[in-house]
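One structure is given here, and the rest of the page talks about it.
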């Protein structure tokens, strides 16, 4: 995984991606007990990025840069150093802010940007698939959440009601 | 029963506190165990080659 992260960091330092953060089950791995996943989700902000739901997102330059290094796409993933990576452009304001506010962690002495637990929770509550609810439950059981940070995110992204519904049904 | 659940919760917290490198090693073991099950359901999954 170290080599995979190094490739992604290089894409960022070369300006091919503006910013990134590991999300999904692999981000969860940084906080909770290990659970099964087969891919690495990476949320990205691209150069010239503007938050506009109508804007078309072009991953062409990113895929081209990866292909020039020998990393070819396989369906929705790009196999990078033995790990299938899915690049997901930040698709709303919540995810954009989550990427910007990501925590810098280390994996085998390599820096890696990872979504924080509070943003992971907010995104799960927003997405609200059964697997998100299950993951949110695990986060709440195993990790200490900074409640004030979570409250602020829920408030600003109008997720308070979704949160209350989730907590009631948990 | 409650003692058993408490022990489970404690074990989960212990696992959550492992270094990330160790958790990735455990994840790869989980993938090795799961791949044949996915394959039997015609779902293609690959163990990370790291």
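Chains as they are written, first to last, in the numbering used here: chain A, 1 to 170; chain B, 1 to 50. Ideal placement from N, C-alpha and C gives every residue a C-beta, glycine not left out.
Query: Residue from A:16, A:93 and A:58 with nearest C-alpha to residue 159 of chain A; Result: A:93
Query: Local conformation of residue 105 of chain A per DSSP, three classes; Result: strand
Query: Residue 63 of chain A, DSSP secondary structure in three states; Result: helix
Query: Alpha-carbon spacing of residue 119 of chain A relative to residue 98 of chain A, whole angstroms; Result: 6 angstroms
Query: Continuous beta strand (DSSP E) stretch holding residue 19 of chain B: start and end; Result: No beta strand (DSSP E) contains residue 19 of chain B, which DSSP labels as neither H nor E.
Query: Unbroken beta strand (DSSP E) run spanning residue 201 of chain A, endpoints; Result: The shown model of chain A, from 1 to 170, leaves out residue 201 of chain A, and the question about it has no answer.
Query: Buried or exposed by the 16-neighbour rule on C-beta atoms within 10 Å, applied to residue 146 of chain A; Result: exposed
Query: Endpoints, the alpha helix (DSSP H) within which residue 126 of chain A is located; Result: 117-127
Query: First through last residue of the beta strand (DSSP E) which encompasses residue 40 of chain A; Result: 40-45
Query: Closest Cα partner of residue 77 of chain A within the set A:134, A:70 and A:39; Result: A:39
Query: Local Cβ density within 10 Å of residue 48 of chain A, reported as buried at 16 or more and exposed below that; Result: exposed
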